[in-house]
Amino acid sequence: MATAETVNLGPAHPPKADSIEVFDKIHVDLKKALQHKRHDAMTDDLKEVRVATTAYGKHILGKVLIPDSDPMHSFPEKPSDAYFMFRAFVPGDADTATLHSIRMDEEERPDGDKVFKAIYHQNDPIVWFDI
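Going by the working numbering, the first residue of the sequence shown is number 45, and it counts up by one from there.
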């Protein structure tokens, strides 16, 4: 079995064709593995919400704690804790809810490079987002 002691990792670099091909082959399994690792998400991890009611239903925006390896989910939260944010919709008086999106902000740097942010911190406000 490979370990940190038995492999010689090359330097970090942007992905090339071979790495992209591997990623294309595993990305579905990667998503499943991430979902499996977080299957134990608890309502305690939902830390803050904002709700808007419209004529056609409720919009719920939430901030969810991404727990570290601490089985107690790092309560109380620390300023360095990480969160993701979501937007859900409940139509009318329905008992169903639909996940509309997970917040991911896109910023363009002065050099034209685009960066994406999907991890937020305790002091980041919950604001409306579409994607």
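Heads up, the beta-carbon is just placed ideally off N, CA and C, and yes, glycines get one too.
Collapsed DSSP secondary structure at residue i in the structure displayed
i    : result
E65  : helix
T50  : coil
H144 : strand
D157 : coil
K102 : strand
E149 : Note that residue 149 corresponds to Asp in the displayed sequence, not to Glu. Here D149 sits in strand by DSSP.
K60  : coil
I70  : helix
Option nearest residue i by Cα separation, candidates the options
i    : options               : result
P135 : K69, K91, H103        : H103
W172 : H165, D62, Q166, A132 : A132
A138 : H165, Y100, D68       : Y100
N167 : P154, A126, R153      : A126
P169 : E92, T97, G156, H144  : E92
I146 : P154, I163, A96, P59  : I163
H165 : K69, S124, L53        : S124
L143 : D174, P154, E151      : D174
Outcome for residue i when other beta-carbon atoms lying within 10 angstroms are tallied against a minimum of 16
i    : result
M129 : buried
L105 : buried
P55  : exposed
P111 : buried
K76  : exposed
Residue i and residue j closer than 8 Å at C-beta
i    : j    : result
D89  : V72  : no
K158 : D149 : no
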